[in-house]
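Below is one structure, written out as structure tokens; comments come after it.
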Amino acid sequence: MKVSVDQNLCYGSWDCVHRVPSVFTVVDGYGAVVPGREGAGDDPRVRAAAEGCPSQAIVITDGRAAEPGK
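Residues 1 to 70 in UniProt numbering are what the sequence shown spells out, letter by letter.
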């Protein structure tokens with residue numbers, strides 16, 4: 001599972017960074033995924049950070065491209 005942070009939604013609470021600093025970092029004042037850690041979406045701590053993100057900016061996907069129209 002892949003994890004990313006939607007920079008259009010993130011407002012910089014940094015909750016993710018405090019919860020899982022090995023996966024999340026701060027770039028230009030906003031949360032971001034540490035380079036090379038994009039595949040950490042299966043980690044329960046990452047899932048908890050996504051569920052607890054106040055701006056709902058953390059996105060976890062299976063890494064496959066979406067089918068057109070879905």
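C-beta atoms are modelled at their ideal positions from N, C-alpha and C, and glycine is treated no differently. Every value quoted in this text rests on a predicted model; they were computed, and no experiment measured them.
Check                                                                                           : Outcome
From W14 to I58, what does the alpha carbon distance come to, in whole angstroms?               : 11 Å
What span of residues does the beta strand (DSSP E) with V20 cover, start to end?               : Looking at the DSSP string, V20 is not in any beta strand (DSSP E), and its letter there is neither H nor E.
Please report the residue range of the beta strand (DSSP E) in which V59 lies.                  : I58 to T61
Can you check which of these residues, D62, I60 and D43, is closest to R19 by C-alpha distance? : D43
Quick one: what does DSSP say G31 is sitting in, helix, strand or coil?                         : strand
What residue range does the beta strand (DSSP E) around S4 cover?                               : K2 to V5
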